[in-house]
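Numbering (the working numbering), first residue to last: 374 to 705.
First up is the structure itself, then whatever we jot down about it.
Below you can see the structure in the form of structure tokens.
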């Protein structure tokens with residue numbers, strides 16, 4: 374009944390937040406997969422920055438009430454639900470980047486207890502050391518990498534925190550927004566605390582460590598190959614677009630995009646592009662003959678490396694610094 378109320382979105386945010394917490398309390402004593410799946414999907418719906426703050430806060434409480442026992446049982450191998458555990462941990466990672474300090478603090482409590490259990494603590498042993506938000510974020514990323522690296526959702530969960538790397542589409546969207554904008558005031562982002570460029574720089578080493586686990590028997594290599602095949606063309610197209618945009622030597626063109634280049638949106642998209650490109654470069658270099666990942670695209674790692682270096686050089690000439698470092702990614 375509570376889940377149905379939440380799914381129908383009947384009632385105001387306060388009522389739904391209480392229903393979400395109550396559902397979490399009841400589910401903490403239940404192992405029914407269908408109900409847990411619905412509840413997890415509701416958390417993913419309500420964790421977004423556009424959702425009222427009271428509902429996002431309720432997500433953190435529900436994670437502590439029902440998410441903690443579920444992930445803990447999975448870590449102990451008792452009625453394990455690795456796929457759901459990854460989704461719950463990913464929800465906590467989202468909430469650790471929330472603009473509300475209260476929500477970040479509550480999400481850090483979940484991360485702290487979970488990290489303590491992972492390192493050998495026991496449930497119900499009393500209060501554990503409260504991790505800072507940034508440390509909680511790193512702890513959850515490490516947990517995903519060490520315990521859930523072969524889970525089907527882990528690669529997607531990590532990649533979901535990278536900003537979209539489609540610069541061409543972002544520029545088109547910015548131009549359309551400028552043409553349609555009638556407000557005298559700049560519109561705030563839904564979450565002003567989130568830092569896409571920093572998150573991209575943070576995630577690249579974790580993605581590379583995940584890729585390095587393909588020497589173990591698993592399905593991970595196939596997932597990485599699928600990702601590379603689906604994303605190589607888009608990454609290369611955006612790198613070439615960036616080179617064309619900043620390599621024309623046309624001051625009018627550069628000045629025409631100056632406002633966009635100075636905005637955080639552009640830097641976020643650029644960081645997302647370089648993080649994806651660095652990840653792809655590592656996958657190509659780690660492949661024995663560079664063919665299994667994307668044979669139809671013929672993307673030698675040396676060519677990708679040279680393109681990235683040239684793009685970064687052109688960007689720096691226009692005063693744009695790329696925060697995501699790729700110098701250490703491969704041997705090139």
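Glycine included, every Cβ here is placed at the ideal spot set by N, Cα and C.
No experiment lies behind these values; they were computed from the predicted model shown.
Continuous beta strand (DSSP E) assignments of at least 3 residues falling wholly in the stretch 459 to 511: If we require 3 residues or more, the stretch 459 to 511 turns out to have no beta strand (DSSP E) run fully inside it.
Please give the ranges of any alpha helix (DSSP H) in the stretch 378 to 463, keeping only runs that are unbroken, at least 4 residues long and fully inside the region. Qualifying alpha helix (DSSP H) stretches, in chain order: 386 to 400, 406 to 419, 426 to 435, 441 to 449.
State the CB to CB distance for the pair residue 473 and residue 420, rounded to an integer number of angstroms; the pair is presumed to be in contact (CB under 8 Å). Within the chain shown, residue 473 is the residue found at index 100, counting from 1. Within the chain shown, residue 420 is the residue found at index 47, counting from 1. Wrong, their Cβ atoms sit about 12 Å apart, outside the cutoff.
Given that a residue counts as buried once 16 or more other Cβ atoms are within 10 Å of its Cβ, and exposed if not, what is residue 405? Taking the chain shown and counting its residues from 1, the one referred to as residue 405 is at position 32. By the neighbour-count rule (16 or more Cβ atoms within 10 Å), residue 405 is not buried but exposed.
What is the residue span of the alpha helix (DSSP H) that residue 683 lies within? Residue mapping note: residue 683 aligns to position 310 of the chain shown, counting from 1. Annotation for residue 683: the continuous alpha helix (DSSP H) segment containing it runs 674 to 690.
Within its chain, find whatever has a CB closer than 7 Å to the CB of residue 513; leave out the 5 residues flanking it on each side and keep chain order. As a first step, residue 513 must be located in the chain shown, where it is residue number 140. Answer for residue 513: 462, 465, 466, 484, listed in chain order.
With distances taken from CA atoms, which of 451, 460, 698, 385 is nearest residue 426? Counting from one through the chain shown, the residue named residue 426 turns up at place 53. Comparing Cα-Cα distances from residue 426 to each of 451, 460, 698, 385, the minimum goes to 385.
Relative to the C-alpha of residue 649, which candidate in 393, 538, 508 has its C-alpha closest? In the chain shown, residue 649 corresponds to position 276, counting from 1. Closest option to residue 649, Cα to Cα, is 538.
CA nearest to the CA of residue 594, picked from 536, 640, 524, 643: Here residue 594 is taken as the residue at index 221 of the chain shown, counted from 1. It is 524.
Skipping 5 residues on each side, what residues in its chain have a beta carbon closer than 6 Å to that of residue 397? Stepping through the chain shown from its first residue, residue 397 is reached at position 24. Once the five neighbours on either side are set aside, the close Cβ partners of residue 397 are 435, 438, 439.
Counting C-beta neighbours from all protein chains within 10 Å, is the total for residue 551 16 or more, i.e. buried, or is it exposed? Translated into positions along the chain shown, residue 551 becomes position 178. Confidence in residue 551 is poor, its pLDDT being 48 and thus under 50, which makes the residue's placement too unreliable to answer from.
Does the separation of the CB atoms of residue 468 and residue 433 fall below 8 Å? Taking the first residue of the chain shown as 1, we reach residue 468 at position 95. Taking the first residue of the chain shown as 1, we reach residue 433 at position 60. With contacts defined as CB atoms closer than 8 Å, residue 468 and residue 433 qualify as a contacting pair.
Which of the three DSSP states is assigned to residue 589 in this structure? Walking along the chain shown from the start, residue 589 turns up at place 216. In the three-state reduction of the DSSP assignment, residue 589 falls in the coil class, being assigned neither a helical nor a strand state.
C-beta contact flag for residue 417 and residue 460 at 8 Å: Translated into positions along the chain shown, residue 417 becomes position 44. Translated into positions along the chain shown, residue 460 becomes position 87. For residue 417 and residue 460, yes; Cβs fall inside 8 Å.
Where does the unbroken alpha helix (DSSP H) through residue 577 begin, and where does it stop? Residue 577 sits at position 204 when you count from the first residue of the chain shown. Judged by DSSP secondary structure, residue 577 falls within the alpha helix (DSSP H) whose first and last residues are 569 to 584.
Pairwise C-alpha distance: residue 378 and residue 521: In the chain shown, counting from the first residue as 1, residue 521 sits at position 148. In the chain shown, counting from the first residue as 1, residue 378 sits at position 5. Using only the alpha carbons, I get a separation of about 32 Å.
By how many angstroms is the C-alpha of residue 383 removed from the C-alpha of residue 606? For this step, residue 606 is matched to residue 233 along the chain shown. For this step, residue 383 is matched to residue 10 along the chain shown. A straight line joining the alpha-carbon of residue 606 with that of residue 383 spans about 43 Å.
Please state the DSSP three-state secondary structure of residue 600. Position 227 of the chain shown, counted from the start, is the residue given in the question as residue 600. Residue 600 carries a helical assignment under DSSP once its states are collapsed to helix, strand and coil.
Roughly how many whole angstroms lie between the Cα atoms of residue 674 and residue 528? What you label residue 674 is simply residue 301 of the chain shown in a count that begins at 1. What you label residue 528 is simply residue 155 of the chain shown in a count that begins at 1. So the two alpha carbons sit approximately 21 Å from each other.
Taking Cβ positions, are residue 599 and residue 644 nearer each other than 8 Å? Stepping through the chain shown from its first residue, residue 599 is reached at position 226. Stepping through the chain shown from its first residue, residue 644 is reached at position 271. Not in contact: residue 599 and residue 644 (Cβ atoms no closer than 8 Å).
Report the rounded CA-to-CA distance for residue 389 versus residue 401, giving the unit in angstroms. Position 16 of the chain shown, counted from the first residue, corresponds to residue 389. Position 28 of the chain shown, counted from the first residue, corresponds to residue 401. Using only the alpha carbons, I get a separation of about 18 Å.
Residue 641 and residue 577 closer than 8 Å at C-beta: Here the question's residue 641 lines up with position 268 in the chain shown. Here the question's residue 577 lines up with position 204 in the chain shown. For residue 641 and residue 577, no; Cβs fall outside 8 Å.
Within the same chain, show all residues whose beta-carbon is closer than 6 Å to that of residue 503, passing over the 5 residues directly before and after it, in chain order. Mapped onto the chain shown, residue 503 falls at position 130. The residues are 485.
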